[in-house]
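A short worksheet on the structure shown next.
Right, here's the structure in full:
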């Protein structure tokens, strides 16, 4: 079921999970059923992959003209996939620089079909003669950043692949990305050693400095949004590593609990993971809010930047794990 317009706008403006894309078309199934879900193909051979809708895509060779959501392209680029003719989604930041979600992508080497939600230039897309479209799915069968009102035209031009990135562990999401990267000729193990080392560092920090309660949130002028760890892949993965991530008790709309600033102290946290993207308020913007200033974690300076829409590769997520491990190692128990 699609989210309503107000919920879409809220997610887009606050957590980057906004206006969900299109349901996948059955017409995208271009191969025989029974394709190995893990994928097959790679350099020099045919491409076959079963996505998280159960859609089978088969091509005579690995595609050389891929169009992908920016974060998806950046994650696959980390695995060594470079055949991107175009991207859609936030490649440019508000200051004109490259959006952090773009990772190591070079924006000059692919065509941007639109930088914001609802911007998808179909004429440019068709002119690229795309062989494959790839994006995330935050809701079942809904392709991220593919506009609802033009989805049929878009999906008619090339096969599509959607990967589930919510309500599942970060490790599983990255494994799916690695399988797709392998099918596209990339290296599915790229960055894994660093990721595994960082994960072990988080486990060690929890063991050495246990009992810390962590709250993940995003701040807006009127509300503090407390994120539900079972929805966010990275938060549920942190829980698997032993981190005590606070689960809100009154989630609205499936992703987070909305707290007025008068009630921002509802949950007692020792460490706060605060959404650090441009659309969210940062600590410097919150100094005038008394309830924020009085939070134990804020008084102790135990605020950790959090990019709530990760780049789903080992390389893209290792840094966040390293930051978390360092923060947990240095943090103190401050909440009663």
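Residue numbers (the working numbering): 250 to 585. We put the CB at the ideal spot given by N, CA and C, even for glycine. In this text, all values refer to a predicted model and were calculated from it rather than measured experimentally.
Check, Outcome
"Residue 587 versus 297, 335 and 439, residue with shortest Cα-Cα distance", "The displayed coordinates of the chain run from 250 to 585. Any statement about residue 587 would go beyond what the structure contains."
"Supposed close pair residue 407, residue 379 - CB separation, criterion 8 Å", "4 Å"
"Inter-residue spacing [alpha-carbon to alpha-carbon] between residue 272 and residue 304", "Summary for residue 272: the model assigns pLDDT 29, below 50, so the residue's position carries little reliability; its value from the coordinates is reported in the next sentence. Each residue's alpha carbon lies about 12 Å from the other."
"From 466, 504, 356 and 467, residue whose alpha carbon lies closest to that of residue 479", "504"
"Cα-Cα separation, residue 332 to residue 473", "40 Å"
"Beta-carbon proximity check, residue 326 vs residue 345, cutoff 8 Å", "no"
"Runs of beta strand (DSSP E) wholly within the segment 490-554 (minimum 3 residues, chain order)", "505-509 and 520-524"
"Helix, strand or coil at residue 572 according to DSSP, with G and I counted as helix", "helix"
"Start-to-end residues for the alpha helix (DSSP H) that takes in residue 429", "419-432"
"Residue 357 (DSSP reduced to helix, strand or coil)", "helix"
"Cα-Cα separation, residue 547 to residue 299", "45 Å"
"Every unbroken alpha helix (DSSP H) inside the segment 334-417 [4 residues or more]", "371-376 and 400-404"
"Where residue 317 falls: helix, strand or coil (DSSP)", "strand"
"Residue 575 versus residue 394: straight-line alpha-carbon distance, rounded", "34 Å"
"Three-pair Cβ contact test at 8 Å for the segment 560-579 versus the segment 439-448", "yes"
"Three-state class that DSSP yields for residue 299 in the structure shown", "strand"
"Cβ distance (whole Å) where residue 340 is taken to contact residue 361 below 8 Å", "5 Å"
"Residue from 392, 419, 506 and 359 with nearest C-alpha to residue 376", "359"
"Reference residue 468, options 342, 421, 385 and 507, closest by Cα", "507"
"Given residue 517 as reference, the closest of 499, 544 and 534 once Cα atoms are compared", "544"
"Nearest neighbour of residue 485, chosen from 421, 519, 513 and 372 [CA to CA]", "421"
"Separation of residue 347 from residue 357, as counted between CA atoms", "11 Å"
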